[in-house]
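What follows is one structure encoded as structure tokens, with my remarks underneath.
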Ligand SMILES: [Zn+2]
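What follows is the structure in structure tokens.
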């Protein structure tokens, strides 16, 4: 399981909502959370 860093939910790693940032993969529960992450990945990846 991965953590959706936007809303704090646990997400499966086969989630279609996924971003790559600085060589790491981030998974999200929804398109909205992915969009939020993509706006400012640096802030959310810490
Ligand atoms: Zn989410």
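In the working numbering, the protein residues as written are 59 to 104.
Yeah, the Cβ is synthetic: ideal placement off N, Cα and C, and Gly gets one too.
Give the secondary structure of residue i by DSSP, where H, G and I count as helix, E and B as strand, and everything else as coil.
i           : result
residue 79  : strand
residue 84  : strand
residue 101 : helix
residue 70  : coil
Buried or exposed, going by whether 16 or more other CB atoms sit within 10 Å of the CB of residue i?
i          : result
residue 62 : buried
residue 86 : buried
residue 95 : buried
Based on the DSSP output, what are the partners of residue i in its beta bridges?
i          : result
residue 63 : Paired residues: none, contrary to the question.
With residue i as the anchor, note down where its alpha helix (DSSP H) starts and where it stops.
i          : result
residue 97 : 89–97
Tell me, to the nearest whole angstrom, how far the beta carbon of residue i is from that of residue j; I am working on the premise that it is less than 8 Å.
i           : j          : result
residue 102 : residue 89 : Not really, about 15 Å apart at Cβ, beyond 8 Å.
residue 97  : residue 77 : The pair is not a contact, with the Cβ atoms about 11 Å apart (cut-off 8 Å).
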